[in-house]
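In this note's numbering, the protein residues as written are 17 to 91.
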């Protein structure tokens, strides 16, 4: 019997008010922390410089992080 090892891919979801969510693939294949991935993409999406990654779900083929930002919230 053969065993097949698969690695779940990480995906980062950026939600923007009034726009479609953006799905960003992991540029490091799991070698970077979620915070480092957001820092990597912050040059393209400046909103990510203030965002925190939150684990949304873990499946057999995909690990999903939602990128939550504090912009616009009071408190």
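Using N, Cα and C, we set each Cβ at its ideal position, and we do this for glycine too.
Would you list the one or two residues that DSSP bridges to residue 80? 27 and 73
Using the rule of at least 16 other Cβ atoms within 10 Å of the residue's Cβ for burial, across every protein chain shown, is residue 67 buried or exposed? buried
Alpha-carbon spacing of residue 81 relative to residue 32, whole angstroms: 15 Å
Counting pairs of beta carbons, one from the region 67-77 and one from the region 32-44, are three or more of them closer than 8 Å? no
Decide if residue 64 is buried, meaning its Cβ has at least 16 other Cβ atoms within 10 Å, or exposed. buried
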